[in-house]
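*Asks:*
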Amino acid sequence: MEEPHPKPMGTIAVLLIFALLIVVLWGSAYLILLLRGGMQ
Numbered sequence: 004m005e006e007p008h009p010k011p012m013g014t015i016a017v018l019l020i021f022a023l024l025i026v027v028l029w030g031s032a033y034l035i036l037l038l039r040g041g042m043q
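Going by my numbering, the sequence shown opens with residue 4, and the numbers climb by one from there.
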């Protein structure tokens with residue numbers, strides 16, 4: 004479990020996936036609010 008310098012590409016990939024997941028979750032929640040008429 005010894006990693007002096009983790010690969011930057013792996014970190015970037017994880018960050019991209021994490022950001023994409025957040026965008027998808029927020030987007031779906033926002034769409035549900037719009038469809039329910041939450042925005043007046």
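The beta-carbon is built from N, C-alpha and C at its ideal position, and this holds for glycine as well.
Could you give the residue range of the alpha helix (DSSP H) that holds Gly40?
*Replies:* Indexing the sequence shown from 1 puts residue 40 at position 37. That residue, Gly40, is in no alpha helix (DSSP H); it is neither H nor E in DSSP.
*Asks:* By Cβ distance, which residues of its chain are closer than 6 Å to Leu37, with the 5 residues on each side in sequence left out?
*Replies:* The sequence position of residue 37 within the sequence shown is 34, counting from 1. If we look at Leu37 and ignore the five residues flanking it on each side, it has no Cβ neighbours.
*Asks:* Which value, in whole angstroms, describes the spacing of the CA atoms of Val17 and Val27?
*Replies:* Within the sequence shown, numbered from 1, the residue matching residue 17 stands at position 14. Within the sequence shown, numbered from 1, the residue matching residue 27 stands at position 24. The alpha-carbon atoms of Val17 and Val27 are separated by roughly 15 Å.
*Asks:* Can you name, in chain order, every residue of its own chain whose Cβ lies under 6 Å from the Cβ of Ala22, other than the five neighbours on each side?
*Replies:* The residue given as residue 22 occupies position 19 in the sequence shown. Excluding residues within five positions, none has a Cβ falling inside 6 Å.
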